[in-house]
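These protein sequence lines map, in sequence, to chains A and B. For the first sequence, the numbering used here gives the first residue as 28, with consecutive numbering after it. For the second sequence, the numbering used here gives the first residue as 28, with consecutive numbering after it. The C-beta atom is built at its ideal place from N, Cα and C for all residues, glycine as well.
There are 2 protein chains.
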Amino acid sequence: MVRAGLSQERVTGAAAELADEIGLERVTMAQVARRLGVKDASLYSHVRNLEDLRGRIALLAADEKTIRIAEATAGLSGRDALVAFAGAWREYAHLHPGRYQATQTPVPIDPDLAASAPGPRRAVELTYGMLRGYGLDEPDLTDAVRLLRSTFHGFVALEAAGGFAHARSPQDSWVRALDALHTLLENWPPREDGDS
Amino acid sequence: MVRAGLSQERVTGAAAELADEIGLERVTMAQVARRLGVKDASLYSHVRNLEDLRGRIALLAADEKTIRIAEATAGLSGRDALVAFAGAWREYAHLHPGRYQATQTPVPIDPDLAASAPGPRRAVELTYGMLRGYGLDEPDLTDAVRLLRSTFHGFVALEAAGGFAHARSPQDSWVRALDALHTLLENWPPREDGDS
DNA sequence: AGGTGTAACCTAGGGGCCCTAGGAAACAGG
DNA sequence: CCTGTTTCCTAGGGCCCCTAGGTTACACCT
């Protein structure tokens, strides 16, 4: 019997592909094993259990998404950076729906594992960097970052859930939303003096 | 043997409670049956299968959320309506995390069932009504509705997924986001003439 | 009150999945 | 070639989904 050459990375990769094809919730140990030509019990040498595997898919997705955003926004600033950032985000969600879904898991991911992943930290840096040109100071900067992330994520999540049934194409609404967010960032409302 | 008095509504209700307590993905036929003091096979007279049950939870949640928003925004307009609308949305998500999660399911819900639920249609009307005071015309109105829904949903989804790790309290960011959205609606960017 | 039909709920069981325990075989290094 | 480690396997327990078919509680009618 020749060995299959499994590894954490190969198992996670196969699971991620499967998630994109059939949906995250249908990714099972048995399915991943079949795809790799292996028995399900063999996977437990490389991955702790199904929950761990899902966490790994989520971290993989976070890293991949971050890389795409970094590439898309390289050298851009202001409105161009905003559009590129948001576009790369949405494109990743469309291209890899299962992986993207994994990032939404409310389950806490193994802290050790999470600490080893560069994606999330890098994503934060990228987002703050993108907003540099708009001249915001803390805490407005954090609030603006959260608003943008919320909108980007909410849009693609609603899109995936079929939440945009109206005749108008989501693409058009997306472009207009970015217009709106850009003007919003340029006219960010001032704080009332009693801030924190 | 005395009958348990099951019905579609009671089964769905028990499942919804369970979802809020232990998380949607852990809601199983067996668990729901145990909570109702019944064997799992008995549930299949009232609910087609687990997927159907999840869909019913989602529709229940949509209806409940819509009702809360309607109550919260009754008689209000402009900024007050916006704040009340968004607050009721977020509060529902916090109070009923499992039910709320069910509304995010990418799975298509049985069309017949969906057609019988007043929630979604009513929610659309409420949202458009809330925006009436801002003087937007189509297609800007639809785009604004989508932007708001995206932001509200995205915020509570990221909040639930632990996406706001920064020191600043999500509540403060939420208040500022509503500030920002209000000014955005008042200064909605004009369309370039070539629209559709 | 008694009879009857319709459900509500049950038992039995097949198949799938998750995961553990322990064994056998491939590979690496000496 | 030999030995140790790692990889992958078989076996199996427990839970879950769902179907088939039986029994019994209840509503309704006479």
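- Judged by DSSP in its simplified three-state form, residue 192(A) adopts coil rather than helix or strand.
- Taking 9 angstroms as the cut-off, the Cβ atoms of residue 89(B) and residue 144(B) count as close.
- Residue environment analysis places residue 131(B) among the buried positions, since at least 16 neighbouring C-beta atoms fall within 10 angstroms of its C-beta.
- Taking residue 73(A) as the centre and dropping the five residues before and after it, the same chain places the C-beta of 33, 34, 35 and 38 closer than 7 angstroms to its C-beta, in chain order.
- Non-local beta-carbon contacts of residue 31(B) in its own chain, meaning distances under 8 angstroms to residues more than five positions away in sequence, involve 63, 64, 65 and 69 in chain order.
- Beta-carbon to beta-carbon, residue 163(B) and residue 171(B) are separated by about 6 angstroms, close enough to satisfy the 8 angstroms threshold.
- If the five residues before and after residue 202(B) are omitted, its C-beta is found closer than 8 angstroms to no C-beta atom of its own chain.
- In this structure, residue 125(B) keeps its C-beta atom at 9 angstroms or more from the C-beta atom of residue 57(B).
- In the three-state reduction of the DSSP assignment, residue 62(A) falls in the helix class, which pools H, G and I.
- When rounded, the separation of the alpha-carbon atoms in residue 141(B) and residue 40(B) is 17 angstroms.
- Apart from the 5 residues on each side of it in sequence, residue 80(B) sits with its Cβ closer than 6 angstroms to the Cβ of 42 and 74 in its chain, given in chain order.
- Under the 9 angstroms criterion on CB atoms, residue 195(A) is classed as interfacial with respect to chain B.
- Sequence-distant partners of residue 119(B) (beyond 5 residues in either direction) whose C-beta falls short of 6 angstroms from its own C-beta, in its chain, are 92 and 95.
- The three-state secondary structure of residue 145(B), taken from DSSP, is coil.
- Between residue 184(A) and chain B, the shortest Cβ-Cβ separation is below 9 angstroms.
- With contact defined as three or more Cβ pairs closer than 8 angstroms, the stretch 108-118 of chain A and the stretch 168-186 of chain A are in contact.
- At least one beta carbon of chain A lies nearer than 9 angstroms to the beta carbon of residue 191(B).
- Listed along the chain, the chain B residues whose CB falls inside 7 angstroms of the CB of residue 215(A) are 207.
- Among the CB atoms of chain A, one or more fall inside 9 angstroms of the CB of residue 200(B).
- Boundaries cannot be given for residue 161(B), as no alpha helix (DSSP H) includes it and DSSP labels it neither H nor E.
- The shortest C-alpha to C-alpha distance from residue 183(A) to any of 122(A), 108(A) and 53(A) is the one to 122(A).
- When the alpha-carbon of residue 209(B) is set against those of 187(B), 165(B) and 159(B), the nearest one is in 159(B).
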